[in-house]
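Taking it in order: structure first as structure tokens, then the write-up.
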Amino acid sequence: MKISGVDIRPGNNIEYEGGLWRAVKIQHTQPGKGGAYMQVELKNLIDGRKNNVRFRSAETVERIRLDTKDFQYLYAEGDMLVFMDKDTYEQINLPLDMLGDAAAFLQDGMDVTLEMYDERPISVQLPESIEATVVEADAVVKGQTASASYKPAILDNGVRVMVPPHIVAGTRIVVDV
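First residue of the sequence shown: 1202, per our numbering; consecutive thereafter.
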């Protein structure tokens, strides 16, 4: 579906110069002279490159729709992650760097959603939140009660987060992924 360059919104997936891109940020600009344009920060869905592009109202781009499919995370095998299609039980391997920092939050048996374009996985979406156990939490620093205070803690998956002072080692917490 073709859309005007000034109708692009954050989160839109478009085809631009032969690649698949997601609009990350937009800024509508009306200079003193000349026509208005939309400054769009695009992120490549395949390799993660970023690009800033100006679209005038006369320009059109192709908006693409990504198919979503439910998968289940099974296990990590080297630098590859193994997922199983919940409908056909077919397994696929995806590179670890496709998830980036979010890969640390994967748990065995976790249900995830894969965005696919022409039956090719583009990105993996984890659940909004997960439960994790605090393995190590620093001691509370006295005298910081005038404002909201947090202390560093390490979760069972190795991720370092900030938690309220009453959280101790062994506590299960809900983490917004």
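Where is the CB? At the ideal position from N, CA and C, for every residue including glycine.
Asked, Found
"Do you know offhand how far Ile1323's Cα is from Leu1300's?", "10 Å"
"Specify, as a first and last residue, the run of the beta strand (DSSP E) that Lys1352 falls within.", "Lys1352 to Leu1356"
"Given this structure, state the Cα-to-Cα distance separating Leu1246 from Leu1295, to the nearest angstrom.", "14 Å"
"Please determine, among Lys1352, Val1335, Gln1231 and Ser1350, the residue with the shortest C-alpha to C-alpha distance to Ala1370.", "Val1335"
"Can you tell me whether Ile1293 is buried or exposed, with buried defined as 16 or more other CB within 10 angstroms of its CB?", "exposed"
"Run through the DSSP bridge pairs and tell me what Val1335 is partnered with.", "Leu1356"
"Taking the continuous beta strand (DSSP E) assigned at Ser1194, which residues delimit it?", "The chain is shown only over 1202 to 1378; residue 1194 falls outside these bounds and no answer can be derived."
"Is the separation between the beta-carbon of Val1364 and that of Lys1352 shorter than 8 Å?", "yes"
"Identify which residue in Asp1298, Phe1306 and Met1311 has its Cα closest to the Cα of Met1285.", "Met1311"
"For a quick check, are the C-beta atoms of Glu1216 and Ile1265 less than 8 Å apart?", "yes"
"Which residues share a DSSP beta bridge with Phe1272?", "Asp1286 and Val1313"
"According to DSSP, simplified to helix, strand and coil, what is Asp1280?", "coil"
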